[in-house]
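Below is one structure, written out as structure tokens; the observations come after it.
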Amino acid sequence: MTKFNSLAATLAASAVGLSLFGGVSQAQAASLVPSTEGEITFGVVNSLGYTVKSLAYDGMAASRLFVDDKTTDGPFTFTKLDAGTNPDGLWFRPVAVNGSIVENGHLEVGKFNFDFGTTIKKLKLTFFDVEEVGTLIDNINGGVGSIAVAPGDDSNIQYVFLDNVTSFDLKAGIIGGDLFPDTGDGVRFQIESVPEPTTILGLGALGVASAFGLRKGKKASQAA
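Using my numbering, the first residue of the sequence shown is number 3, and each one after it goes up by one.
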């Protein structure tokens, strides 16, 4: 029974170690969405240390990009909310421009280049409400090939992870399409720098080692 209790205690300590250090690592994840609502200024290094450029979207003029939180008005008020694309929190909200803002900002579509000026080991891209084929990531680190974001049900959330990335182009949403030929499919997105899983596992293993170390030390003390 004593051996069983010791093993149980060790496993419990291991679980705490994994949970604790995993929480710390997760807390170190850094959102790359600016914390202030408003329109993104293109071509200049922002407060988070990277630049965004606007790209032509399906033959249209360059797109606009906003940081938007549906729960507040912010410095820019969209004239109409998309009933299916209004998640809580701060999200990038793209708006395509063709002489005037497409659908008065109702349709969230656009194409942009993100350049971090350095290599980020792992990026997490979160997409909200991708229901139509057309949202994709390409020109990663200036290379060829692309990653298409799979469509899903209404208000779905999709994740894409990029390793060792310095830059990429992102096309969000689609004008027209098969499912919504009249309105198109609007998409919001977030970008986050996340720790590598090996870091979390390594710290968890450290917690296990610590548990064994404490047990050994206690036994030595009792023997003395």
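Here a beta-carbon is modelled for each residue, glycine too, at the ideal position from N, C-alpha and C. Only a predicted model underlies this, so the values are computations on that prediction, with no experimental measurement involved.
query, result
"Excluding five sequence neighbours on each side, which residues of the same chain lie with their C-beta closer than 6 Å to the C-beta of TYR59?", "SER65, ALA98, GLY112, LYS113"
"By Cβ distance, which residues of its chain are closer than 7 Å to ASP71, with the 5 residues on each side in sequence left out?", "GLU39, GLY91, LEU92"
"Out of ASP131, LEU50, ASN115, which one is the CA nearest neighbour of ALA152?", "ASP131"
"If we require 3 or more residues per run, which beta strand (DSSP E) segments fall completely within the stretch 117-198?", "138-140, 148-150, 159-174, 190-195"
"Considering only DSSP beta bridges, list what THR53 is partnered with.", "ASP117"
"Under three-state DSSP, which class holds ALA98?", "strand"
"Rounded to whole angstroms, what is the Cα-Cα separation between PRO96 and ALA150?", "18 Å"
"Shortest alpha-carbon distance to ASN158 belongs to which of GLY51, ALA32, PRO89, ALA63?", "PRO89"
"Quick one: using the 10 Å Cβ neighbour count with 16 as the cut-off for buried, is LYS123 buried or exposed?", "exposed"
"Give a yes or no on whether the C-beta atoms belonging to LEU109 and ILE139 are separated by under 8 Å.", "no"
"Shortest alpha-carbon distance to ASN166 belongs to which of ASN143, GLY154, PRO183?", "ASN143"
"Below 7 Å CB to CB, which residues in the same chain sit around PHE44 once its five sequence neighbours on both sides are set aside?", "VAL54, LYS55, SER56"
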